[in-house]
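Numbering (the working numbering), first residue to last: 730 to 1128.
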């Protein structure tokens, strides 16, 4: 569980979490002065969002050189979604911090139960090597990406007259991106910890079945308490904490991808827009897509591990356990597991698993078709208006 403590400490330094580990009580608690920290964080997010909305029509020239109303409108809509995400992060961080601490304490309780069972029965020591490595990679990945884009935009916009305004907008976007990266990273680390705990359940049951040193009736209840905490408590609390964030982030990625495809197509066809800015925007989008895909794949992996752990109980429902208390416990667990939800949810709109990848791709295609149609309509109306003006001028000049 050390990986979760380190990740929370890094997030706490930036004010991105209202939960910390208390070594004296051996539990996760709320940080001191949480309402005051939330007030400062939300005020900063509100001011930053207002600044971005005010600057979005003015900063549009950085991305493209033309000023068509359709393109500016889409740019403002995209900025609005980004600002909404910037505001939802501190809101979820404060108002759902009890759900986060509850899920962290559930994993902490599982850790103590599994370690006690390993001491009594033997077996591989409980470790979270994968979660620790992933947490370290996510933290450094966020820092490296922010540093790269900050330097790139700094060099690119250095000679512009509105350099300060542009760089301030870039810093706000980068701060939001880093906060989102580490917040989603915490969710992934918690899921990986849950996967590691579920993996040890089967190992302990196998040891108990082979050695017969401890009755299955004794080891069964605490192990399935571990299972229930991961599949019920952690799943429910994390869905409430991360659901709105994933929902908005998925919508933003779908729209940004469609807009970026149109920008790339325009740059290849008629050379509109700044090529360097366009390349940086595409790289930024790829890093954002990476965040979502990693979360979806890890969530899908947890779902598969939950199903594998439930199915492994059938190996113990053999003739040696017929008409015993352990057999009744197994049958009761299997029956309950059939009706149990095993997936994280994004506010009830969709389940957070690998199927969201296909949903995002389909939404990108839908956005792309709609944007192309509106863009073509604006082009046709512009050309028709120009033709009308030319005809009117000619008829006026003629005697």
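Even for Gly, the Cβ is constructed at its ideal location relative to N, Cα and C.
Quantities reported herein were computed from a predicted structural model and do not represent experimental measurements.
Does residue i come out as helix, strand or coil in the three-state DSSP assignment?
i, result
"residue 858", "helix"
"residue 759", "strand"
"residue 751", "strand"
"residue 853", "coil"
"residue 825", "coil"
"residue 891", "coil"
"residue 977", "helix"
"residue 738", "helix"
"residue 711", "The chain is shown from 730 up to 1128; residue 711 falls before or after that span and cannot be answered."
"residue 906", "helix"
"residue 730", "coil"
"residue 746", "coil"
"residue 1017", "helix"
"residue 1003", "coil"
"residue 776", "helix"
"residue 795", "Reliability fails at residue 795, whose pLDDT of 49 lies under 50, so the model's placement of it is uncertain and the value that follows must be treated cautiously. Coil at residue 795, not helix or strand."
Under 8 Å, do residue i and residue j count as touching if we go by C-beta distance?
i, j, result
"residue 963", "residue 914", "no"
"residue 863", "residue 921", "yes"
"residue 936", "residue 852", "yes"
"residue 930", "residue 809", "no"
"residue 910", "residue 867", "yes"
"residue 1025", "residue 985", "no"
"residue 833", "residue 776", "no"
"residue 829", "residue 843", "no"
"residue 846", "residue 925", "no"
"residue 815", "residue 778", "yes"
"residue 991", "residue 1089", "no"
"residue 882", "residue 811", "no"
"residue 733", "residue 918", "yes"
"residue 971", "residue 916", "yes"
"residue 987", "residue 872", "no"
"residue 760", "residue 754", "no"
"residue 693", "residue 966", "A query on residue 693 cannot be resolved here, the shown segment of the chain reaching from 730 to 1128 and no further."
"residue 1009", "residue 804", "no"
"residue 1016", "residue 880", "no"
"residue 757", "residue 837", "yes"
"residue 1034", "residue 927", "yes"
So, under 8 Å CB-CB, residue i and residue j are touching, yes? Tell me the CB distance rounded to an integer number of Å.
i, j, result
"residue 885", "residue 1005", "6 Å"
"residue 959", "residue 839", "7 Å"
"residue 686", "residue 912", "Any question about residue 686 goes unanswered here, given that the chain covers just 730 to 1128."
"residue 1007", "residue 993", "7 Å"
"residue 952", "residue 933", "6 Å"
"residue 979", "residue 1021", "7 Å"
"residue 857", "residue 730", "7 Å"
Inset, instruction - Decide yes or no for the touch test of the segment 764-772 against the segment 820-829: beta carbon pairs closer than 8 Å, at least 3 of them. - result: yes
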